[in-house]
Amino acid sequence: MDIKKILALTIIALALFSCVSVASAGLFDFLSGGEMESHTFSGFTLDIPSGSKVNENYVSANNHSLRTYNIESSKQNFTINVIEGNVVSKVSYITKWITNGAKNEGNHGDWTIIKEENNSYHLIKHGNSRIIEISGSDLDFLKKVASSYKEKLF
Numbered sequence: 002m003d004i005k006k007i008l009a010l011t012i013i014a015l016a017l018f019s020c021v022s023v024a025s026a027g028l029f030d031f032l033s034g035g036e037m038e039s040h041t042f043s044g045f046t047l048d049i050p051s052g053s054k055v056n057e058n059y060v061s062a063n064n065h066s067l068r069t070y071n072i073e074s075s076k077q078n079f080t081i082n083v084i085e086g087n088v089v090s091k092v093s094y095i096t097k098w099i100t101n102g103a104k105n106e107g108n109h110g111d112w113t114i115i116k117e118e119n120n121s122y123h124l125i126k127h128g129n130s131r132i133i134e135i136s137g138s139d140l141d142f143l144k145k146v147a148s149s150y151k152e153k154l155f
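Structure follows, in C-alpha cells:
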C-alpha cells in the first residue's frame with residue numbers, strides 16, 4: 002500500500018472511533034455508580050446517587066430552623082442544608098461567605114457557587130423563606146444534583 006491509502010484508512014478509523022466515543026457517552030455510567038434517584042427533602046426533590054444513606058438532623062432556634070441532610074454513597078458524600086423561616090437576604094448570606102475568605106464563583110442557574118479556601122464548594126439557592134445549600138468537593142457532581150431540583154407540590 003502506498004502512504005496515501007494508509008493515511009486515508011487511518012483518518013477513517015479515527016473518524017469511526019470518534020463517532021463511537023460520542024455515541025456511547027453516558028451509556029456506561031452504571032459501571033461507576035452513575036445511577037441517580039429522586040429523593041424528597043424539606044419541600045423539594047433532588048436526584049442523589051441510588052442507594053444513598055440519608056442522615057437528617059433538625060434544629061430550631063430564633064424564628065428559623067435548620068435541617069441538615071448528610072448524604073453518603075459509594076460514589077459521593079455531600080451535605081444539604083435547608084434553612085427555613087426568618088432567613089437573611091441573599092446578598093447578606095453570600096457576603097458572609099466572602100468575608101470569611103470564600104470566593105463567589107458565579108452562578109449555575111438559580112444557584113450561587115461559593116468556593117472555600119479548602120476547595121470545597123457550596124451551591125446556594127435563596128428563596129423568600131428558605132435557603133438551600135448543597136456542599137461537597139466535586140463541583141460537577143453538585144451541579145448535576147442542583148440541576149435536578151424540583152419544588153414539591155402539595
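Going left to right, the sequence shown walks through residues 2 to 155 as my numbering numbers them.
Beta carbons: idealized from backbone N, C-alpha and C, even for Gly.
Selected residue, minimal CA-CA separation from residue i, among the options
i, options, result
"S51", "G110, K76, H65 and E85", "K76"
"I72", "E85, E38 and L10", "E38"
"N56", "S74, A14, L10 and R131", "S74"
Contact check, residue i vs residue j, beta carbons under 8 Å
i, j, result
"S148", "F79", "no"
"H123", "K91", "no"
"I81", "Y94", "no"
Cutoff 6 Å; reference residue i; Cβ partners in own chain excluding five residues on either side
i, result
"S43", "R68 and V83"
"D30", "Note on D30: pLDDT 49, under 50, position unreliable in the model; no value is reported."
"I133", "V83 and K126"
"S121", "S138"
"E118", "G102"
"L154", "none"
Cβ shell of residue i (< 7 Å), same chain only, five flanking positions each side left out
i, result
"W112", "L124, I125, K126 and A147"
"D48", "M37, E38, S39, V146 and S149"
"N64", "G86 and N87"
Contact belief for residue i with residue j at Cβ below 8 Å, rounded distance in angstroms
i, j, result
"V60", "S66", "7 Å"
"N108", "I99", "So it is not a contact: roughly 15 Å between Cβ atoms."
Proximal residues to residue i (C-beta, below 8 Å), its chain only, five neighbours per side dropped
i, result
"I4", "none"
"S25", "Residue confidence for S25 is low, a pLDDT of 49 falling below 50, so the modelled location carries little weight; the figure read from the coordinates is stated next. Closer than 8 Å at Cβ, skipping near neighbours: no residue."
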